Structure formats: C-alpha cells, structure tokens
Amino acid sequence: MTSPGPDTAANHVAGRRTLLKVLGAGAAGVAAAPLLSACVPARDAASATPTASLAPSPAREVPPLLDQEKVKSALAKLDGIVQDAMKSTGVPGIAVAVVYRDQVAYLKGFGVREAGKPEKVGPDTVFQLASVSKPLASTVIAAVVGRKAVQWTDPLIKHNPGFALSDPFVTRNATFEDMLSHRGGLRTGSGDLLEDLGFDQSYILAHIGQQPLDSFRASYNYSNFGFTEGGVAAAAAMKMPWEDLADQVLFKPLKMNSTSYRHRDYLNAADKALIHVRDGQGWVAKYARDADAEAPAGGASSSVRDLAEWIRLQLAAGSYGGQTVVDPEALAATHVPQIVSGPPSGPAARTRFYGMGWNVSYDDHARVQLGHSGAFNLGAATAVALLPGEQLGIVVLTNGRPEGIPEAISAGFLDVAQNGDPTVDWLSFTGGVFRAMDESEKPAVDYSKPPAQSAPARANTAYTGSYANPYYGPMAVAEADGELTLQMGPSGKPTTFRLTHFDGDTFSFESVGENGNGLAGAIFALGADGAASSVRLDFYDKTGLGTFVRQGSGNHG
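Number 30 in the working numbering belongs to position 39 of the sequence shown; there are no gaps in the numbering.
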C-alpha cells in the first residue's frame, strides 16, 4: 500500500508505494540540518572570564520566519504550481487546501473527477486518502488517550486480547507508540498480500502472527497492518468499531461530514473522484480499491474542505473553534520522533524520523516539519505537510497513481512561501524518486521471456489438486479446456489465476492487487509418484510463507 518524500524514498525502495510517506525535505531554507552554535550560556559578572565575546544562548523556540505577505504571495502563485503539474503529467484531478494562522487561506479543485467525463473536482470532492489516513488516525487515537481510555505506553494486548505477533515477548510488550511508529518489528508489507486477495481485517490480523519479525524497537519497517493493530486496540478500549470511533471523537466535532473510514461511504458519495492509472494513451479509471481491511492505515476518504478543518486542529494543538477537541499533550506526542526512519546518507544529509502517524523532520532553522504521503498504485496519491511553528499547512489530493505530484505541489508551495520563487524543480525531483521506486519493484525473474531451450511440462494431472498453506489458506489447481488455473483467497470470493507454462515444472501467472507487479512464478515440486507435492508462489513468498502443500497423496487429477 502505501506513502515518499525525497528524504524517505530509500525506506520504500523495498516496499510498495501504499507505504509512501510525506515529503520530509522541503525547500531551500526549509529542510537542511540546523546548525546550532553558542550553546553555552554567558557567565555572570562575578566570573573571571569576560562575557562580551560570547553570543547569547539559542532561543528555546524558533520564532516565525514567515509573515502574512510572504504567505499571501505564495498563495497567489499556487494556482500556477498546480496547473503546471497538471499540464506536465495530465493527471485528471487535484484538490488543494492551505491553512494559515487558523484560517482556511486556500480551497480549490482542478480538473475532473473522472477522465473523459465533464464533472469537475471542487473543494467538496471526496478522494481516497491512502496513507494520509495514518496521521488522521493518530489524531483519533490521541483523542482516546486524552479521555484516559488508553495510554500511549499501554501494550496493545491490554485492550485487544486477540493481538498476537510471532514473538511472545513482543506480543506482551508492543505498545501504541511501537505499532503507530512502525518499530514493532513487522516487516514492510506484512499482511498486504492477504488484503490484495480479498481477505478481511479479522482474517489478516488473526494470521499476521505468522509473519517473521525484525528487531523490536530497533528497526523501522513501514507496516500498514501493524499500524492498523493500533487503531483496532484503541477502538476495543472504547468498545466500538474503529469507524464509529473516528466519527465520534473527531469527524463530528470538526463537522467533517464528508470524511469516513468506511469504503461504502466513499462509494455512496455523489461528488467523488475515481482513481486512475496510465494505460499507455493517458489516464483511465480502471480499478477499484477497497481498503477497509487496513482502515486506520489507509482506508479513509475525505475532501480538502474537511481536511482543512483537521489541519486547523493540528496547528492549534487540539483546539477547534475555541474548544479543546483533542488533549494537547496527547496530540503533541504524535509529533515526537519515535524511531529513525532513515539514517543520514552522508555528512551533509539529515536523519529522518517517524512519530506516530507522522514523518518528522527539522529544517535549517530548527523548525519541526510534519507530513505524510499516501498512495495507491491502483490510482491515488495524496500528501499533507505542516510547519507548526509557522501555523502553516497544506494538503493536496489527486486521483492518479503515485508519480510525486502532490509532494511536488506541497514542497513547491512551501519553497515559494519562504524564498519567493521555487529553488528546486520539484516535479522533476519527486518524479525521479517515484520512477526509481517503480524500477526497484520489478520482479526478479522476467517470466515474459521463457528460456530458449525450456523443458516441457508434465501432463496437467501432475499438477492439479488441492493444496494448503497456514497463512494464505487453501488453494486449488484445476484444468479447464486444456489449461491450468490456480484459485486462492477467501471462501466465497476466491481469485482465479491462469497458469502459463514457463520452463519445466514452473508456470507463470499475473499478480494482482495493489502490490501486483507483473508476471509471477508458480514453481511445482514433484514427488516420487510423479505428482506435485507442493508449489511455491514466489510473489507470495517474500517472507517465506508462500509454499502450498498438496493435500492427500498420489495423482489428484
């Protein structure tokens, strides 16, 4: 699934783009490592050392560097930034909101909801948010913390007895802080392939304990379902479904009437943007993406009008309209770095951090910057970026697959606000990051090109039969009209794959879903009786869980 900015791309080269994160590096003057000096306070008059040569100690807080005129000038150029991005990429629709000093300073839609149709995108058009759902979710959980129903340091199992990971120690000790900051040990993408097959949240969370773990609290791996576990535990503590909890503690108080964690609400919205991918000729609304299984991590939908109100709450430390909606201390905890998401790549580079649902970075002036990106490979890309010390925030929603478009717009706006004009060709820069990620995710084996001297397959009956896997469940290989098919997934709505011979006992099939990346391999192992005893699906074997064992014995054709 799933959110990167230029400073987070390395974390996602090995993962899918629903894991995409926000632009942490901003414009010149926004995102360089701060240089602090004169850290020793001057001595008093009784000291033998003179104080005249010493600089004053640094301020505890960075004073605002922007003013109304600078922001106003940047807002005047924002239309052009968006229009340039649309002209360059052809993306069908974009919506943008900017908040400054507790006022919605910009609210506008561009383009169309669906390519080839006339309906326009406006401020109330509902988009799927993908991983921008995460900082929205951590706001919801902060509200629960503020009500004393949970503490950030509570183990999840205290509130959700069904929570289980593969290490009993981690199961007993993993907290909200751990799972919402991706430091619980689950590897990137854990559970995502089950979701692609159509399994629901309960099945996925019941089986995620089979996934191997990396070092607890010492490794960063962006995990949609690890994050989802945190949302489920908070909802359990409040004795209500996650979707209802978000409505009650956040969306209703902020009058975010177009915002929901239910996919059906997105489908029922009259004014919604469909998701798009490129088809070689342009953009096409080809796929649907139901992210209910990972709702806290990627299942929200909203409009920029609604999200502007959420940004107001964030920048006002939990207050909205003069009333406290989220406890300020609980909300502030979500903005604190919990784990290094990427060490510096060189002496001049900056360490990257993840808080709880937020990427956290610091610029040249030691100002904190918060943000997150969201992306569905099936057709959505979003980004939010905040400069809390400046009381400035921007959210950008698009209805095209991730190519760095919302990240470029948000970075470009912040760049112009601080420097008057862009200092970086942001669209080329972020686009290059995403193209590199696309290349990194190509299959290791090119199954579109069988060996010139490929070995023949055996009779279809050598492969047909029933197979089982403790993680993915049952699988059936059958013959129809002389061709082999493979069927797996939840009972009642399985996915059928057509098998094409590749070489010997290896066949290929087209991978599907958010993480699909082309042809994959089904590698059969033959037993002494000449029938397949097992089959390994390399696409589903990324963490060693992709081997299916034949049920029964002998030839099952």
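A virtual CB, placed ideally from N, CA and C, is assigned to each residue, including glycine. As the structure is a computational prediction, the values presented were derived from the model and not from experiment.
Distance from the CA of L388 to the CA of E110, rounded to the nearest whole angstrom, comes to 17 Å.
Within the stretch 242 to 321, no run of beta strand (DSSP E) at least 3 residues long lies entirely inside it.
Bridge partners of Y194 according to DSSP: none are assigned.
For A133, the uninterrupted alpha helix (DSSP H) run begins and ends at 124 to 137, by DSSP. In the structure shown, P146 adopts extended strand secondary structure according to DSSP, grouped into three states. Judged by their CB atoms, E186 and A284 are nearer to each other than the 8 Å cut-off. According to the DSSP assignment, E470 belongs to the beta strand (DSSP E) that extends over 464 to 471. In this structure, DSSP gives G456 an extended state, which the three-state scheme calls strand. Distance from the Cα of L536 is smallest, within the candidate group G507, H198, H326, for H198. In the structure shown, K99 falls within a strand segment according to DSSP collapsed to helix, strand and coil. Under DSSP, G384 takes part in a beta bridge, and its partners are V90, L377.
Beta-bridge partners assigned by DSSP to T487: Q478. Between the stretch 487 to 497 and the stretch 156 to 170 there are fewer than three C-beta pairs closer than 8 Å, too few to call the two in contact.
Going by C-alpha positions, T486 is about 41 Å away from D75. Your pair L156 and L120 does not check out as a contact, with CB atoms roughly 27 Å apart and the cut at 8 Å.
According to the DSSP assignment, F216 belongs to the alpha helix (DSSP H) that extends over 215 to 228.
Approximately 4 Å separates the beta-carbon atoms of N215 and A288; this is inside 8 Å, confirming the contact.
Per DSSP, F515 is one residue of the beta strand (DSSP E) stretching across 510 to 517. If you compare the alpha carbons of V275, V351, T219 with that of G290, the shortest gap goes to T219. G422 and M229 have their C-alpha atoms spaced approximately 42 Å apart.
Collapsing the DSSP output to three states places K111 in a strand.
DSSP, read as helix, strand or coil, puts T162 in helix. Here the alpha carbons of I385 and L528 stand approximately 42 Å from one another.
Distances from the CA of A402 to each of S502, I72, P55 were compared; the closest alpha carbon is that of I72. The C-alpha of A339 is placed about 49 Å away from the C-alpha of M479. By the Cβ neighbour-count rule, T144 is exposed, with fewer than 16 other Cβ atoms within 10 Å of its own. Of all C-beta pairs linking the stretch 135 to 152 to the stretch 351 to 368, fewer than three are shorter than 8 Å, placing the two stretches out of contact. One Cα belongs to G495, the other to L517, and the distance between them is close to 11 Å.
With fewer than 16 other beta carbons inside 10 angstroms of its own, A450 counts as exposed. Beyond the five residues adjoining it in sequence on each side, M466 comes within less than 6 Å, by CB distance, of Y458, M479, F539 in the same chain, given in chain order. In this structure, the straight-line span from the alpha carbon of A324 to that of V90 is close to 22 Å. When the beta-carbon positions are compared, D297 and T250 come within less than 8 Å of each other.
The three-state reading of DSSP puts Y531 in helix, counting H, G and I together. The stretch 130 to 137 makes no contact with the stretch 148 to 165: fewer than 3 CB pairs, one atom from each, lie closer than 8 Å.
Distance from R163 to V268 at the Cβ level is roughly 43 Å; contact not present, criterion being Cβ atoms closer than 8 Å.
DSSP places N451 within a helical segment (H, G or I) once states are collapsed to three.
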